[in-house]
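Trainee:
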Amino acid sequence: MSSKPEAVVKVCQQCQEEKPAAAFFPSPLHADGFTDRCKRCVFERSRQEQARREKRAQHEAAPLQGSR
Ligand SMILES: [Zn+2]
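Numbered according to my numbering, the sequence shown spans residues 1 to 68.
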């Protein structure tokens with residue numbers, strides 16, 4: 001019996017889609033060696049977090065008028 005490398009398929013915990021291991025980032029922190037979320041979801045999330053951070057920074061940087 002020869003053990004040929006099977007195509008590893010994971011279900012993304014974010015979008016619940018079945019994707020090949022190539023669609024996930026390798027991660028030594030996870031037992032199977034890949035992150036729980038697919039690359040698309042990771043990108044999407046970091047983009048959303050950055051947008052939120054920029055929005056908040058903008059809000060905090062807003063000049064207070066008439067506070068002098
Ligand atoms: Zn996903």
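From the three backbone atoms N, C-alpha and C, an ideal C-beta is built for every residue, glycine too.
Consult DSSP for glutamate 11 and reduce its assignment to one of helix, strand or coil.
Mentor: This sequence places valine at residue 11; glutamate is not what is there. If DSSP states are grouped into helix, strand and coil, valine 11 belongs with the strands.
Trainee: If you draw a straight line from the alpha carbon of alanine 62 to that of proline 20, how long is it in whole angstroms?
Mentor: 45 Å
Trainee: Kindly indicate which three-state DSSP category glutamate 18 falls into: helix, strand or coil?
Mentor: strand
Trainee: Measure the C-alpha to C-alpha separation of lysine 55 and glutamine 48 and round it to an integer number of angstroms.
Mentor: C-alpha separation (whole angstroms): 10 Å.
Trainee: For a test of your reading of the model: does the CB of glutamine 48 fall under 6 Å from any non-hydrogen atom of ligand 1? Yes or no.
Mentor: no
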